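Visitor:
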Amino acid sequence: MSDVLSTHIRDALNAGQSAGTIRQNLQAAGWTASEIETALAAWMASENGAVPRPVRPRTARDAFFYALMFVVFGMVAGNVLSLLYGQINLWLPEIGEGVTSGGLSGLRWSMAALIVFTPAFFFLDQSDRRDIHQNDARRHSDVRRWLSALALLIAVCILLGDALFLIFTWLNGQMTLRFLVKSLVVAGLSLVVLAYFDEGRDLPVKALRLPAAPILIALALLSLGLSLWTVGGPKQGQMEARDTLRLRDLNRLETDLLRCDALRAPLPATFYPLDCASAPDDLTAFAAQITYDRQTDTTYKICIAVEAPDRMRPGVGLDGDRVCRTRNVSD
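Numbered per the UniProt record's numbering, the sequence shown spans residues 1 to 331.
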């Protein structure tokens with residue numbers, strides 16, 4: 001609350017002016033209704049003059065609450081952007097780029113973040129709106145205004161940077177559909193940030209009037225649902241983890257077999273790959289699934305079946321539902 005406003009109300013009450021008169025004069029001077037009511041509530045008119053009511057500062061509590069909401073909002077917005085980028089990479093691959101849903105497994109971190117932070121943001125936002133409805137003075141909290149101004153500054157800088165990079169890419173002749181869609185997503189999310197932190201905060205910069213909180217929550221649910229569909233949930237993650245162990249064992253045995261004296265021309269018709277393992281204790285039980293297949297007198301192939309062949313990265317050596325490595329003993 002402004003010291004100038006508080007002093008004026010005290011002097012006006014001491015001069016015998018009514019609250020209605022004081023309110024009317026302050027409104028004419030440009031003070032907002034919430035500022036006036038907050039300042040008037042701090043004084044009690046009595047026969048002996050204005051008596052101050054106890055004002056218990058909430059600065060520390062407000063700082064904690066709004067800093068937490070600022071961080072939670074940023075986590076939701078940032079991970080929504082990450083998941084939407086992942087979907088764009090999947091559905092709009094660049095020429096010559098073999099993007100598969102298996103390459104998106106790293107997005108599970110963003111999925112987990114949204115599962116945690118989206119409900120937290122919803123409850124913090126509802127709590128803030130409820131408190132403001134009960135006490136409009138919270139709308140003018142210094143902490144709230146400063147954090148909101150900081151968020152607006154970040155969003156505006158991102159918008160300007162996005163526009164700059166978009167124009168530069170176009171002038172450089174490197175504009176692609178995927179880049180354009182990503183730029184539009186960044187711009188749209190920045191507008192949501194602008195709308196949310198400008199909403200009811202009495203800031204000098206006025207942004208779009210959008211239901212920003214519902215839009216952000218809807219985007220979080222949409223991106224999370226799409227990611228669960230394309231990336232997969234816990235069961236898919238377990239299969240990919242087992243396949244990762246299989247490929248690690250295959251890579252280690254491939255190196256060991258190159259140094260194995262038993263694999264020399266002419267190659268044997270049958271062979272147990274683990275017989276040449278230099279460190280069998282470092283291998284998992286999946287190593288026993290690796291098969292040896294003699295191709296010619298000098299060429300052999302080792303393979304292992306995988307559970308999720310559609311999630312294998314390009315160039316891994318996929319042959320149906322198996323990953324294979326072909327070697328020549330003369331190499």
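Using N, Cα and C, we set each Cβ at its ideal position, and we do this for glycine too.
Please read all numbers here as calculations on a predicted model, not as lab measurements.
What is the DSSP secondary structure of Met-44, counted as helix, strand or coil?
Guide: Translated into the one-based positions of the sequence shown, residue 44 becomes position 44. In the structure shown, Met-44 sits in a strand (DSSP, three-state: E or B).
Visitor: Does Tyr-85 pass the burial test, meaning 16 or more other C-beta atoms within 10 Å, or should it be called exposed?
Guide: Residue numbering aside, residue 85 sits at position 85 when the sequence shown is read from its first letter. So Tyr-85 ends up on the buried side.
Visitor: Of the choices Thr-255, Trp-91, Phe-122 and Leu-83, whose alpha-carbon is the least far from that of Ser-110?
Guide: Looking up residue 110 in the sequence shown gives position 110. Ranking Thr-255, Trp-91, Phe-122 and Leu-83 by Cα distance to Ser-110 puts Leu-83 first.
Visitor: Does the separation of the CB atoms of Ala-42 and Ser-18 fall below 8 Å?
Guide: Residue mapping note: residue 42 aligns to position 42 of the sequence shown, counting from 1. Residue mapping note: residue 18 aligns to position 18 of the sequence shown, counting from 1. No.
Visitor: Have a look at Glu-254 and Ala-241 and give me their C-alpha separation to the nearest angstrom.
Guide: Within the sequence shown, numbered from 1, the residue matching residue 254 stands at position 254. Within the sequence shown, numbered from 1, the residue matching residue 241 stands at position 241. Taking the straight line from one Cα to the other gives about 20 Å.
Visitor: Alpha helix (DSSP H) containing Pro-119: first to last residue?
Guide: If you number the sequence shown from 1, residue 119 lands on position 119. Unbroken alpha helix (DSSP H) run through Pro-119: 108-134.
Visitor: Where Asp-11 and Leu-40 are concerned, what is the direct C-alpha to C-alpha distance, given to the nearest angstrom?
Guide: The residue given as residue 11 occupies position 11 in the sequence shown. The residue given as residue 40 occupies position 40 in the sequence shown. For Asp-11 and Leu-40, the distance between alpha carbons rounds to 12 Å.
Visitor: Hey, how far is the Cα of Arg-178 from the Cα of Leu-92?
Guide: Counting from one through the sequence shown, the residue named residue 178 turns up at place 178. Counting from one through the sequence shown, the residue named residue 92 turns up at place 92. Computed Cα separation, rounded: 6 Å.
Visitor: Give me the DSSP bridge partner(s) of Tyr-300.
Guide: Within the sequence shown, residue 300 is the residue found at index 300, counting from 1. Beta-bridge pairing links Tyr-300 to Arg-294 and Arg-327.
Visitor: Are Leu-283 and Asp-249 touching if we call contact CB-CB under 8 Å?
Guide: Along the sequence shown, one-based indexing puts residue 283 at 283. Along the sequence shown, one-based indexing puts residue 249 at 249. Yes. Within cutoff.
Visitor: What are the partner residues of Gly-16, as DSSP defines its beta bridges?
Guide: Translated into the one-based positions of the sequence shown, residue 16 becomes position 16. Looking at the DSSP assignment, Gly-16 forms no beta bridge with any residue, so it has no partner.
Visitor: What three-state label does DSSP hand Gly-317 in the structure shown?
Guide: Locating residue 317 in the sequence shown gives position 317, where the first residue counts as 1. Correct three-state label for Gly-317: coil.
Visitor: Spatial neighbours of Glu-307 within its chain, please: CB distance less than 7 Å, with the 5 preceding and 5 following residues excluded, ordered by chain position.
Guide: The count along the sequence shown starts at 1 and reaches residue 307 at position 307. Excluding positions up to five away in sequence, the list reads Met-239, Arg-242 and Asp-243.
Visitor: Roughly how many angstroms separate the alpha carbons of Met-312 and Pro-234, rounded to a whole number?
Guide: Position 312 of the sequence shown, counting from 1, holds the residue named residue 312. Position 234 of the sequence shown, counting from 1, holds the residue named residue 234. Looking at the two C-alpha atoms, the distance is approximately 17 Å.
Visitor: Given that a residue counts as buried once 16 or more other Cβ atoms are within 10 Å of its Cβ, and exposed if not, what is residue 346?
Guide: The chain is shown only over 1 to 331; residue 346 falls outside these bounds and no answer can be derived.
Visitor: Any contact of the stretch 256-266 with the stretch 116-135, i.e. 3+ C-beta pairs under 8 Å?
Guide: At 8 Å Cβ cutoff, the stretches do not touch.
Visitor: Under three-state DSSP, which class holds Ala-50?
Guide: Numbered from 1 along the sequence shown, position 50 holds the residue referred to as residue 50. Ala-50: strand per DSSP, three-state reduction.
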